[in-house]
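Sequential numbering of the sequence shown, starting at 600, is according to this note's numbering. Scroll down for the structure; my scribbles are underneath it.
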Amino acid sequence: MALQIDDLPAAIRQAKRQLRAMLPNYRDVFADVEAAMTKEAERIATLRERGEPVIPEIQFADIVANRVTDEQIALVKARGACVIRKVFGRSLVEQWDQDIADYVERNDLDAKLQNRAEDKYFGQLASSKPQIYGVYWSKPQVLARQSTELTQARVFLNRLWRTESEGRVHFDPNHVPVYADRLRRRPPGSESLGLSAHCDGGSVERWIEPNFRKVYRHVFSGYWRDYDPFDAAWRTEVEEIASPAVCSMFRTFQGWTALTPQGPGDGTLQLVPMANSMVYILLRALQDDVAEDDLCGALPGRALSIKSDYHAPLFHALSSIPLMQAGDTVFWHSDVIHAVEDAHRGNGYSNVMYIASLPGCAKNDAYLKRQLPGFLEGRSPPDFPADHFEVDFVGRATPDDLTELGRAQMGFDL
């Protein structure tokens, strides 16, 4: 279900009154949070400046062979992100990249983009929009989503979560439903096409909607050190405000697969690799220097913007991901702050397929039922602007391109 808020300023004022009543020492608790997170952000910045990696890296072969160590897993859970190397072979991915280029060119997508629906999701962010194409059903995207390799990587990621707590089982980590998402094709030399720091998966809802409050129950009760970003309790039951490009599935990790080599300076992804940074964001909005009808600038139906005016300590940790090769993937927890570099100063295209990690649950099954007709007809998925570019595209993927696993992931059996 979608959350409806008729009078947002009044809802924010009421939420703040309730949350402060639950946590009368909100100032002292936040001071403790700020000190701890400033220290951690500065530690990450020091590592980065020394040239040491701050985003954990895992070899896909180690996932396959069950060789990922407890220490690696602990670091992924602390940083809320990881790069998984060599999920796909380079030659396969290079062919996919060429096939996508042919698909886009053959169907004259650039001309159609002049009439695309306005994507207001990123409208409040300081930078512009990256060069993201509203293409969901090219054969390479469909083949990558249903691949045994990417499925195995995402099952590994789903299993990092606590799937059972509060006396309930929250999701099936071994089932990976499809969340059809877009492409990024960014040419060298593109300037001011990044995204400033933000979080996806809910903005004002995090303070207002009852199940979001339960997700963050330890934060709002003051026991923030007990908060586990990987506890799935209530996550599959939250209600978002409906908006184009607001994800209404539950993603354990957002992610993309590199179609071309790309690294720092190439207009690539940046992360604040602190899985619990949402604690700071939530409690910052309750402080006395924020207007009573404001949540640090959060707007409904938009990305949750992270601003230096309010969240300055966290920016110390903002780091570009390492050099990626074609076939590598990167994943980040659905609450992790991320951004995209403004300028692409590299030599080649910086291309990716957005493919997230999701588990099986009732919330996600409900979305699959809404998404499946879009696949069959070439329409844009429910969460995205209704451009429907691919309805008459030549070479679009069809059910004949799906494996048995792919059909299950697309929800044919629901």
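Ideal Cβ placement from N, Cα and C applies to all residues, glycine included.
In or out: residue i buried (at least 16 other Cβ within 10 Å) or exposed?
| i | result |
| --- | --- |
| K676 | buried |
| V993 | exposed |
| Y822 | exposed |
| T762 | buried |
| Q853 | buried |
| M621 | exposed |
| Q1008 | buried |
| A890 | exposed |
| D927 | buried |
| K638 | exposed |
| A664 | exposed |
| K615 | buried |
| E765 | exposed |
| R785 | buried |
| S690 | exposed |
| R666 | exposed |
| T859 | buried |
| D1032 | The requested residue 1032 is not part of the displayed model; the chain covers only 600 to 1013. |
| T668 | exposed |
| L1013 | exposed |
| R649 | exposed |
| N624 | exposed |
| S907 | exposed |
| A796 | buried |
| C773 | It is worth fixing the name first, because residue 773 is Asn in this sequence and not Cys. The residue in question, N773, is exposed, as its Cβ has fewer than 16 Cβ neighbours within 10 Å. |
Just curious, the alpha helix (DSSP H) that residue i is in, first and last residue?
| i | result |
| --- | --- |
| F819 | 816-819 |
| L618 | 607-621 |
| Q886 | Element bounds for Q886: n/a, residue is neither H nor E. |
| R805 | 804-807 |
| L749 | 747-757 |
| L646 | 625-648 |
Going straight from the alpha carbon of residue i to that of residue j, what length do you get?
| i | j | result |
| --- | --- | --- |
| D661 | D771 | 23 Å |
| M873 | D631 | 16 Å |
| F819 | M952 | 36 Å |
| A725 | T835 | Caution applies to A725, whose pLDDT of 45 falls short of 50 and renders its modelled position unreliable; the value that the coordinates give is listed next. Using only the alpha carbons, I get a separation of about 31 Å. |
| L975 | D606 | 38 Å |
| A779 | W736 | 8 Å |
| E717 | P787 | Residue confidence is low: E717 scores 48 on pLDDT, short of 50, so the model does not pin down where it sits. Its coordinate-derived value is still stated next. So the alpha carbons of these two residues sit roughly 25 Å apart. |
| P655 | A609 | 42 Å |
| V777 | W760 | 19 Å |
| L848 | A961 | According to the sequence provided, residue 848 is Met. The question's Leu does not apply to it. Taking the straight line joining both Cα atoms gives about 10 Å. |
| L1001 | A752 | 19 Å |
| A911 | H937 | 14 Å |
| D991 | K711 | 12 Å |
| L782 | R812 | 33 Å |
| S727 | L794 | The pLDDT assigned to S727 is 47, lower than 50, so where the model puts this residue is not dependable; a value taken from the coordinates is nonetheless given after this. Approximately 6 Å between the Cα atoms of the pair. |
| R748 | F829 | This sequence places Glu at residue 748; Arg is not what is there. Whole-angstrom Cα-Cα distance: 23 Å. |
| T997 | G973 | 11 Å |
| L885 | L602 | 22 Å |
| Y720 | A841 | With a pLDDT of 46 at Y720, under the threshold of 50, the modelled position of this residue cannot be trusted; read the value that follows with caution. Cα to Cα, Y720 sits roughly 11 Å from A841. |
| G679 | V935 | 7 Å |
| F930 | L674 | 14 Å |
| F687 | P652 | 22 Å |
| F914 | L882 | 17 Å |
| Y879 | G862 | 29 Å |
| H932 | T851 | 6 Å |
| V682 | Q671 | 12 Å |
| L903 | R995 | 33 Å |
| A831 | H769 | 6 Å |
| A985 | A955 | 21 Å |
| E641 | V692 | 37 Å |
| L917 | N875 | 14 Å |
| Q658 | R767 | 33 Å |
| L708 | Q694 | 19 Å |
| Y732 | F988 | 10 Å |
| R612 | Y815 | 19 Å |
Ends of the beta strand (DSSP E) at residue i?
| i | result |
| --- | --- |
| A677 | That residue, A677, is in no beta strand (DSSP E); its alpha helix (DSSP H) goes 669-678. |
| E656 | 656-658 |
| S795 | 794-798 |
| R785 | 782-785 |
| A996 | Run containing A996: none; DSSP gives neither H nor E here. |
| G854 | 852-857 |
| Q861 | Per DSSP, Q861 belongs to no beta strand (DSSP E) and is neither H nor E. |
| Q1008 | It is not in any beta strand (DSSP E) - Q1008 instead sits in the alpha helix (DSSP H) that spans 1003-1009. |
| L870 | 868-870 |
Just list the beta strand (DSSP E) runs in the region 897-974, keeping only unbroken ones of 3 residues or longer that don't cross its boundaries, in chain order. 928-932, 937-939, 949-953
Is the number of C-beta pairs between the region 855-874 and the region 800-812 that are closer than 8 Å three or more? no
Does the region 895-903 come close enough to the region 967-987 that 3 or more CB-CB pairs lie under 8 Å? With a cut-off of 8 Å on Cβ pairs, the region 967-987 is not in contact with the region 895-903, counting fewer than three such pairs.
Measuring CB atoms only, is the region 741-758 touching the region 699-708, in the sense that at least three cross pairs come out at less than 8 Å? no
Using 8 Å as the threshold, is the region 941-951 in touch with the region 976-984, meaning 3 or more CB pairs across them? no
Write down every uninterrupted run of the alpha helix (DSSP H) in the region 687-712 whose length is 4 residues or greater and which is fully enclosed by it, in chain order. 689-705, 708-712
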